[in-house]
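Everything below concerns the one structure shown next.
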Amino acid sequence: MEISLRKAAALQLAIGEALKELPLDTALTVSIYDQDPEAKIAAKVSAWEGAIKRRAGLLDALYGIRVGMGAANQAIGVGDRLAELARLERDIQLYTQLSRNEPREASDILKAKTDRLRSREPAPTGRFGGADLQETVQAGLFGQAEIDGFRSELRRLTRRRQQLKDELLELNASTRITLSPESVTILKAEELI
Numbered sequence: 041m042e043i044s045l046r047k048a049a050a051l052q053l054a055i056g057e058a059l060k061e062l063p064l065d066t067a068l069t070v071s072i073y074d075q076d077p078e079a080k081i082a083a084k085v086s087a088w089e090g091a092i093k094r095r096a097g098l099l100d101a102l103y104g105i106r107v108g109m110g111a112a113n114q115a116i117g118v119g120d121r122l123a124e125l126a127r128l129e130r131d132i133q134l135y136t137q138l139s140r141n142e143p144r145e146a147s148d149i150l151k152a153k154t155d156r157l158r159s160r161e162p163a164p165t166g167r168f169g170g171a172d173l174q175e176t177v178q179a180g181l182f183g184q185a186e187i188d189g190f191r192s193e194l195r196r197l198t199r200r201r202q203q204l205k206d207e208l209l210e211l212n213a214s215t216r217i218t219l220s221p222e223s224v225t226i227l228k229a230e231e232l233i
């Protein structure tokens, strides 16, 4: 039986949930009113052994799917695309911050601000200590042209990210893996396919 990578990923999650549901506890509460505690324990052991067999089959199917998905992902270059996508996310974070900067003021305005601060009268000393004098001026590093360049780069990166996501979605829907007959039997018995 062939399934898409998208279906295989969903099937892995379903198998994980089925594994969590298995009754694998190794203790049993026996009441003082039970007529035959040994029979109750034997029934519990039998159920536990059945659950262990189901677990083994489900794990075989799960790891068979993982191996198939890994080989398919390698063959179609999913790992390379995911690495590029991770890099794009980091670059998008940086260029988002850079594009939000205020542009640098003209140099004559910056000079006027610093000259004004330098030439002002000192404030009188207050009752509780010295005056709070401003001695610095904030200056941006980038002009409007550079900020526009950051915004343009951010748009390019965002388009590439969307293109990669679309490619990955298409590959996950179109690439198929083959389930072993044993896995198909187990998954049908568990009503997962």
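If you count the sequence shown from 1, you need to add 40 to reach this note's numbering.
Don't be surprised by glycine CBs; every beta carbon is placed ideally from N, CA and C.
In terms of DSSP beta bridges, what is residue i paired with?
| i | result |
| --- | --- |
| ARG216 | SER44 |
Do you know how far the Cα of residue j is from the Cα of residue i?
| i | j | result |
| --- | --- | --- |
| LEU125 | LEU211 | 15 Å |
| LEU219 | ILE226 | 11 Å |
| LEU157 | ALA185 | 29 Å |
| SER192 | ARG106 | 40 Å |
| GLU231 | TYR135 | 48 Å |
| ARG216 | SER44 | 4 Å |
| ILE132 | LEU122 | 15 Å |
| THR66 | LYS80 | 13 Å |
| SER159 | ALA146 | 20 Å |
| ARG130 | GLY119 | 17 Å |
| GLY183 | ASP148 | 14 Å |
| ARG195 | ASN113 | 28 Å |
| PRO143 | VAL177 | 14 Å |
| GLY97 | TRP88 | 14 Å |
| GLU78 | LYS60 | 27 Å |
Kindly indicate which residue of the options has the alpha-carbon position closest to the one of residue i.
| i | options | result |
| --- | --- | --- |
| ASP188 | ALA82, ASN141, SER86, GLN203 | ASN141 |
| GLU207 | GLY180, GLY117, ARG144 | GLY117 |
| ALA229 | ILE132, GLY104, SER86, ARG94 | ARG94 |
| GLY108 | LEU51, LEU181, LEU204, PHE190 | LEU51 |
| THR69 | GLU61, ALA82, GLU57, SER192 | ALA82 |
| ARG127 | ALA49, ARG200, GLN114, PRO221 | ARG200 |
| GLU175 | LYS153, VAL85, ARG196 | LYS153 |
| ALA101 | ALA48, LYS205, LEU197, LEU204 | ALA48 |
| LEU64 | SER71, VAL85, SER139 | VAL85 |
| GLN137 | PHE190, LEU204, VAL224 | PHE190 |
Tell me whether residue i sits in a helix, a strand or coil according to DSSP, three-state version.
| i | result |
| --- | --- |
| ALA19 | With the chain running from 41 to 233 in the structure shown, residue 19 is simply not present. |
| GLY56 | helix |
| ILE187 | helix |
| GLN75 | coil |
| VAL177 | coil |
| ALA146 | coil |
| LEU62 | coil |
| ILE233 | coil |
| ARG195 | helix |
| ARG94 | helix |
| ARG160 | coil |
Is there a C-beta anywhere in chain D that falls below 7 Å from the one on residue i?
| i | result |
| --- | --- |
| ARG140 | Here chain D cannot be found, since the structure has a single protein chain. |
Report the residue ranges of all alpha helix (DSSP H) runs contained in full by the region 104 to 142; include only those spanning at least 4 residues, in chain order. Counting whole runs of 4 or more residues, the region 104 to 142 contains the alpha helix (DSSP H) stretches 118 to 139.
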